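For the sequence shown, position 3 (counting from the first letter as 1) is numbered 200 according to our numbering, and the numbering increases by one without interruption. No residue lacks a Cβ here, since even glycine has one placed at the ideal position from N, Cα and C. Here the structure is a predicted model, which is why all the values come from computation and not from measurement.
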Amino acid sequence: MQRRVRHTTNGSTTALPLRVRNDEYPRKTRTAARRKLSKRAVIITMIILSILTLVGLIIVWESVMSFFGSSSPPGDSMQNDAAHNSRHLDKSHFYEQRPLDQFFELKYALEHSKLVLLYFAASWCPMSTPISNALDEAFGKDDVLLTNNGQRKTLSIVYVSSDKTLEQYKEYTRKRQWLPIPFDSPEKNQLKRHFATCAHRELEELQFDRKHEIPTGIVIDSRSQGIITTSGADDVEEMGAEALEHWLKMQGWASQMANSIS
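Following this line, the structure appears as structure tokens:
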């Protein structure tokens, strides 16, 4: 590069300093910044790729172990054996866990019918009337309901009353093939507490967190005393007599699940 010179009037020359472009230093600064950003981006990318690779390896490992029947490391074998034995213990005592044995008033129904429908309702409740009529229509004519003659039947209807008076209670159950809990029995309110089901007007007296209002039909498997469904009232209203077959199928599924515990 040639140096710039200036000619004077006496014929001599004077060297001038080289001209520097105004954007030369900012350009160098920007280039250095880009290099730093590029290095940082490479580092971040490598970290992300490492994390993704690790996660992928964990997923593959769990899939392989699950395929071969074990999702836990070898060190947990003793804990797995204990859980396995516990499940066998639960199976052996499955039908010994009978939560309704405490209720004497349910004993006859549980021993003489395959299914027990606990019917929580009241004669004064307008919502109970169509359900009660549906029960009469579905099961009142056929020989499926358990009565007091001691013959074992497929279904029993146990009426858990919220009636205000004994007269209302008697009138509501007089012509029906139900097995009502006695009006003055303390087990009536105990059952309401046990299943958290009652009329709204009873909440202040009973003092519990209600899960179901009346009318409610809770279908019980007599053998295990487990709940098959809490939608028995709706089932009868929608399916009529076919609700019984529906409950029996659900009972079969529940039994299969219980027998498959291992």
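Your pair F317 and T370 does not check out as a contact, with CB atoms roughly 14 Å apart and the cut at 8 Å. Here the alpha carbon of G437 sits roughly 28 Å from the alpha carbon of F380.
In this structure, the beta-carbon distance from I354 to W375 falls below 8 Å. Looking at the DSSP output, G414 bridges to Y316. The beta carbon of S325 lies closer than 8 Å to those of A318, A319, I411 and P412 in the same chain, with the five residues before and after it left out. CA-to-CA, the gap between T344 and I256 works out to about 59 Å. Per the Cβ contact rule, the region 331–350 is in contact with the region 422–441 (3 or more Cβ pairs under 8 Å). Within the same chain, Cβ atoms closer than 6 Å to the Cβ of D360 are found at A319, S320 and Y366, the five residues on either side in sequence being excluded. Per DSSP, the beta bridge partners of K350 are S310. Judged by DSSP secondary structure, T326 falls within the alpha helix (DSSP H) whose first and last residues are S325 to F336.
With a beta-carbon spacing of about 16 Å, L307 and G414 fall beyond the 8 Å limit used to define contacts. Here P377 is buried. Its C-beta has 16 or more other C-beta atoms within 10 Å. The three-state secondary structure of L297, taken from DSSP, is coil. Residue range I424 to T426 is occupied by the beta strand (DSSP E) that includes T426.
For K361, there is no enclosing alpha helix (DSSP H), as DSSP marks it with neither H nor E. Contact between E384 and F301 is confirmed by a C-beta separation of about 7 Å, below the 8 Å threshold.
Your pair K389 and V416 does not check out as a contact, with CB atoms roughly 17 Å apart and the cut at 8 Å.
For L403, the three-state secondary structure derived from DSSP is helix. Where N456 is concerned, the enclosing alpha helix (DSSP H) starts and stops at E439 to N456. Judged by beta-carbon spacing, S452 lies beyond the 8 Å limit of S310, meaning their Cβ atoms are not closer than that value.
Between the alpha carbons of G253 and L246 lies a distance of about 10 Å. The beta carbons of L303 and L312 sit no closer together than 8 Å. L342 carries a strand assignment under DSSP once its states are collapsed to helix, strand and coil.
When P323, T250, S382 and S428 are compared, the shortest CA-CA separation from W444 is found for S428. Within the same chain, Cβ atoms closer than 7 Å to the Cβ of P327 are found at E434, the five residues on either side in sequence being excluded. Residue pairing for T250: DSSP places it in no beta bridge. Per the DSSP secondary-structure output, H409 pairs in a beta bridge with T394.
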